[in-house]
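**Q** Sequence lines, in order, name chains B and P. Under the numbering used here, the residue at position 14 of the first sequence is numbered 8, and the numbers go up by one with no gaps. Under the numbering used here, the residue at position 26 of the second sequence is numbered 20, and the numbers go up by one with no gaps. Before I ask anything, let me first share the structure, which is written out below as structure tokens.
2 protein chains.
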Amino acid sequence: MASTSPAASRLSARPRAQRVLPESRFDRRLAKILLHATNEFYEKGYEGASMRDLSRSSGMSLAGLYYYFESKEKLLYLIQKHTFQTIVERLRARLQEVSDPEQRIRVFILNHLEYFLANQKAMKVLSHEDDVLKNSFGSEIATLKREYYRICLELLDQFQQAKGLEFSSRIAVLSLFGMMNWIYTWHHPRVDADAKELARQMGDIFLRGIHAAKKGKAAKKKTAVPN
Amino acid sequence: MASTSPAASRLSARPRAQRVLPESRFDRRLAKILLHATNEFYEKGYEGASMRDLSRSSGMSLAGLYYYFESKEKLLYLIQKHTFQTIVERLRARLQEVSDPEQRIRVFILNHLEYFLANQKAMKVLSHEDDVLKNSFGSEIATLKREYYRICLELLDQFQQAKGLEFSSRIAVLSLFGMMNWIYTWHHPRVDADAKELARQMGDIFLRGIHAAKKGKAAKKKTAVPN
DNA sequence: CCACAGTTCGAACGTTCGTTCTAATACTAC
DNA sequence: GTAGTATTAGAACGAACGTTCGAACTGTGG
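Below, the structure written as structure tokens:
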């Protein structure tokens, strides 16, 4: 595991940056590879895409790739980590400008869908290859995921409290994530609405859906289903 | 491709059934293998699970497995086809007993979630390995899927018409499927509600969500989101 | 007993997998 | 030019992949 490859000490360490540019040549090259890798994983899945596929699509020799990272797993890890960090970072910035509980949920939905559709391939790789990373890679991604989940949960709890509602915020959050994340299975940019419109429609469904659950309604046995 | 293996002519043809029992020994054995395969695909994914994994978990030699089916792909195909057919068949039976448009949607949701939770592993394999089958296998599964989708779409259209509502039923169906299918990523039988309760909650969210979109409301620009 | 289909398996097939070794090239500084 | 570091690639590694082959079992009917 102790690595002596050039890739090991890069990226976060960035030894002796000869220019003060935000990105070294190494970083830019790696980013390009990550983009090609995202494409391959998107189309064939992580297990289904081989390093040789990746070599072909990125126009670099098989061995040459390993100068930039130490394993296929690390590649997936870098893709997922960068995607998650970016979407959370953007969300945080947007949430700072809005204080109304309902609008904050709408901001969450819009941010998620906008990023999802603008980076559909990376987001599919993030959603679909959810539990393939193990050990430290896996737990680090899981932490980011939990953090994102928690933000949404708190938005819902605040909304619930402000409006005097009573519903299971866990089920609500997970239903919302399901609605939103599922789009990678069906959205075609040419025929389906854009992010803003989708966010409005899903926001309507979701918000009206949870809005009706007034407190003290004792939600049990409202409408019985036959059989 | 023209197969001479024993498995080729079986199952649907079932030559010379020596007992009139519903299932021959061959069919029962194959069904057992499919069950173990479902488990493996559930845990490691289709590409990630090897035939040797399957051999170990089912307690049969690698070569012995091929007496019952001709390829790994066929195995996935059989699992997905059986799962899809069963859930559609059960749905049809249940829908015959209910005529109220809203209740019919609730029946759809309940049927889906009950089957999903009772057969969580098979349903994950169905949802997660959605586009790995190619050619005739793939298109046959795609047809079943489209059929199931269409049933739900019609339920929504009927509901919409009966209540005088106006919303995109495509987005609504796909949002609903997202909510429901996403559960394979989070549901833990020990901590989460059962199917009936989940169906009630998701049904509430979804139905109230789409119910508010009254006709002629000109749903444009209802609430603007900053940025 | 034999014949024979139904069933199982050890061993191997050829291919592809992720990864590494080593040497060759490109680039920059002197 | 030379020195030295950054970058690339050909060839090969051992392991694992899906699949097949022929021989060996098993159990029943003659």
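Even for Gly, the Cβ is constructed at its ideal location relative to N, Cα and C.
Whose C-alpha, out of B:Asp94, B:Arg194, B:Arg140, B:Gly132, is nearest the C-alpha of B:Gln154?
**A** Against the first sequence, residue 154 of chain B aligns to sequence position 160. Taking only the C-alpha atoms, the option nearest B:Gln154 is B:Asp94.
**Q** Rank B:Ala166, B:Leu69, B:Lys118 by C-alpha distance to the C-alpha of B:Asn175 and give the top, closest one.
**A** Numbered from 1 along the first sequence, position 181 holds the residue referred to as residue 175 of chain B. Nearest C-alpha to B:Asn175: B:Lys118.
**Q** Tell me which residue opens and which closes the alpha helix (DSSP H) that B:Met117 is part of.
**A** As a first step, residue 117 of chain B must be located in the first sequence, where it is residue number 123. Its alpha helix (DSSP H) spans residues 114 to 122.
**Q** In whole angstroms, give me the CA-to-CA distance for B:Ala206 and P:Gly39.
**A** The residue given as residue 206 of chain B occupies position 212 in the first sequence. The residue given as residue 39 of chain P occupies position 45 in the second sequence. The alpha-carbon atoms of B:Ala206 and P:Gly39 are separated by roughly 39 Å.
**Q** For the segment 190 to 201 of chain B against the segment 127 to 135 of chain B, do three or more pairs of beta-carbon atoms, one drawn from each stretch, fall closer than 8 Å, so that the two count as touching?
**A** Touching, no.
**Q** Specify the secondary structure class of B:Leu104 as computed by DSSP and reduced to three states.
**A** Here residue 104 of chain B refers to the residue found at position 110 of the first sequence. Helix at B:Leu104.
**Q** Give a yes or no on whether 7 Å exceeds the smallest Cβ distance from P:Glu191 to chain B.
**A** Against the second sequence, residue 191 of chain P aligns to sequence position 197. False, the Cβ-Cβ gap to chain B never drops below 7 Å.
**Q** Is the CB of B:Met45 under 7 Å away from at least one CB in chain P?
**A** Residue numbering aside, residue 45 of chain B sits at position 51 when the first sequence is read from its first letter. It does not; no Cβ of chain P falls within 7 Å.
**Q** Pick out whichever of B:Ser169, B:Ile135, B:Ile81 has its Cα sitting closest to the Cα of B:Leu147.
**A** Translated into positions along the first sequence, residue 147 of chain B becomes position 153. Cα-wise, what sits closest to B:Leu147 is B:Ser169.
**Q** Is any beta-carbon of chain B found at less than 7 Å from that of P:Arg140?
**A** The residue given as residue 140 of chain P occupies position 146 in the second sequence. So no, P:Arg140 is outside the interface.
**Q** Give me the subset of the segment 151 to 184 of chain P whose CB atoms are less than 9 Å from a CB atom of chain B, sorted by chain position.
**A** Listed by position along the chain: Phe161, Ser162, Arg164, Ile165, Ala166, Leu168, Ser169, Leu170, Phe171, Gly172, Met173, Met174, Asn175, Trp176, Ile177, Thr179, Trp180, His181.
**Q** Any beta carbon from chain P within less than 7 Å of B:Met117's own beta carbon?
**A** Within the first sequence, numbered from 1, the residue matching residue 117 of chain B stands at position 123. Judged by the 7 Å Cβ criterion, B:Met117 is not in contact with chain P.
**Q** Residues of chain P with a CB under 8 Å from the CB of B:Phe200: which are they?
**A** One-based indexing of the first sequence puts residue 200 of chain B at position 206. Those within 8 Å of B:Phe200 in chain P are Ile199, Gly203.
**Q** For the segment 119 to 139 of chain P, enumerate the residues whose C-beta is nearer than 8 Å to any C-beta of chain B, in chain order.
**A** Correct list: His122, Asp124, Val126.
**Q** Provide the residue span of the alpha helix (DSSP H) that contains P:Gln79, from first to last.
**A** Along the second sequence, read from residue 1 onward, the residue named residue 79 of chain P stands at position 85. Note, P:Gln79: alpha helix (DSSP H), 66 to 89.
**Q** Are the beta-carbon atoms belonging to B:Glu34 and B:Ser51 less than 7 Å from one another?
**A** Along the first sequence, read from residue 1 onward, the residue named residue 34 of chain B stands at position 40. Along the first sequence, read from residue 1 onward, the residue named residue 51 of chain B stands at position 57. Cβ atoms of B:Glu34 and B:Ser51: closer than 7 Å.
**Q** Say whether chain P places a C-beta atom closer than 7 Å to the C-beta of B:Ala206.
**A** Walking along the first sequence from the start, residue 206 of chain B turns up at place 212. Taking Cβ atoms only, chain P reaches closer than 7 Å to B:Ala206, which makes this a yes.
**Q** Using the beta-carbon of each residue, which ones in chain P are nearer than 7 Å to B:Glu64?
**A** By one-based count along the first sequence, residue 64 of chain B stands at place 70. Within chain P, no residue comes near B:Glu64; the closest Cβ sits about 21 Å away, beyond 7 Å.
**Q** Hey, would you say B:Thr77 sits closer than 7 Å to B:Ala25, going by beta carbons?
**A** Translated into the one-based positions of the first sequence, residue 77 of chain B becomes position 83. Translated into the one-based positions of the first sequence, residue 25 of chain B becomes position 31. Not a contact, by the Cβ cut-off of 7 Å.
**Q** Use the C-beta contact count for B:Leu111: other C-beta atoms within 10 angstroms, 16 or more gives buried, fewer gives exposed.
**A** Reading the first sequence from its first residue, position 117 is the one you call residue 111 of chain B. Its Cβ being crowded by 16 or more others within 10 Å, B:Leu111 is buried.
**Q** In whole angstroms, what separates the C-alpha of P:Ala31 from that of P:Ser162?
**A** Residue mapping note: residue 31 of chain P aligns to position 37 of the second sequence, counting from 1. Residue mapping note: residue 162 of chain P aligns to position 168 of the second sequence, counting from 1. Spanning the two alpha carbons is a distance of roughly 39 Å.
**Q** Counting only Cβ-Cβ distances shorter than 7 Å, please list the residues of the segment 18 to 42 of chain P near chain B, keeping chain order.
**A** So the close ones are Gly39, Glu41, Gly42.
**Q** Note down the Cα distance separating B:Met173 from P:Arg84, rounded to an integer number of angstroms.
**A** Numbered from its first residue, the first sequence carries residue 173 of chain B at position 179. Numbered from its first residue, the second sequence carries residue 84 of chain P at position 90. Going by the C-alpha atoms only, they are around 24 Å apart.
**Q** Give a yes or no on whether 7 Å exceeds the smallest Cβ distance from P:Val219 to chain B.
**A** Counted from its first residue, the second sequence places residue 219 of chain P at position 225. Interpretation of P:Val219 is limited by its pLDDT of 46, a score under 50 that renders its predicted location unreliable; the figure taken from the coordinates is listed afterwards. Yes, contact with chain B.
**Q** Please list the terminal residues of the continuous alpha helix (DSSP H) segment that includes B:Lys38.
**A** Numbered from its first residue, the first sequence carries residue 38 of chain B at position 44. It spans 19 to 38 - the alpha helix (DSSP H) in which B:Lys38 sits, taken as one unbroken run.
**Q** For B:Gln195, return the contacting residues in chain P, with the cut-off set at a CB-CB distance below 7 Å.
**A** Numbered from 1 along the first sequence, position 201 holds the residue referred to as residue 195 of chain B. Under the 7 Å cutoff, chain P gives Ser162, Ile165.
**Q** Quick check: the Cα distance between B:Arg144 and B:Gln152, rounded to an integer number of angstroms?
**A** As a working note, residue 144 of chain B is residue 150 in the first sequence. As a working note, residue 152 of chain B is residue 158 in the first sequence. Cα-Cα distance, rounded: 12 Å.
**Q** Would P:Ile103 and P:Ala166 be called neighbours here (beta carbons separated by less than 7 Å)?
**A** Counted from its first residue, the second sequence places residue 103 of chain P at position 109. Counted from its first residue, the second sequence places residue 166 of chain P at position 172. No.
**Q** So what does DSSP say about B:Asn221, is it helix, strand or coil?
**A** Looking up residue 221 of chain B in the first sequence gives position 227. For B:Asn221, the pLDDT reaches just 44, beneath the cut-off of 50, and the residue's location in the model is therefore unreliable, leaving the point undetermined.
**Q** Give the straight-line distance between the Cα atoms of B:Val82 and B:Asp125, rounded to the nearest whole angstrom.
**A** What you label residue 82 of chain B is simply residue 88 of the first sequence in a count that begins at 1. What you label residue 125 of chain B is simply residue 131 of the first sequence in a count that begins at 1. Each residue's alpha carbon lies about 20 Å from the other.
**Q** Name the two residues that bound the continuous alpha helix (DSSP H) containing B:Gly58.
**A** Taking the first sequence and counting its residues from 1, one reaches residue 58 of chain B at position 64. Taken as a continuous stretch (DSSP letters only), the alpha helix (DSSP H) holding B:Gly58 covers 56 to 59.
**Q** Among B:Phe20, B:Glu96, B:Glu91, B:Gln79, which residue has its Cα nearest to the Cα of B:Lys139?
**A** Locating residue 139 of chain B in the first sequence gives position 145, counting from the first residue. B:Lys139 has its Cα closest to that of B:Gln79, out of B:Phe20, B:Glu96, B:Glu91, B:Gln79.
**Q** Does DSSP classify B:Trp180 as helix, strand or coil?
**A** Here the question's residue 180 of chain B lines up with position 186 in the first sequence. In the structure shown, B:Trp180 sits in coil (DSSP, three-state: anything other than H, G, I, E or B).
**Q** Report yes if the CB atom of B:Gln74 is closer than 7 Å to the CB atom of B:Ile27, and no otherwise.
**A** To locate residue 74 of chain B, count along the first sequence from 1; it is residue 80. To locate residue 27 of chain B, count along the first sequence from 1; it is residue 33. The answer is no: Cβ separation not under 7 Å.
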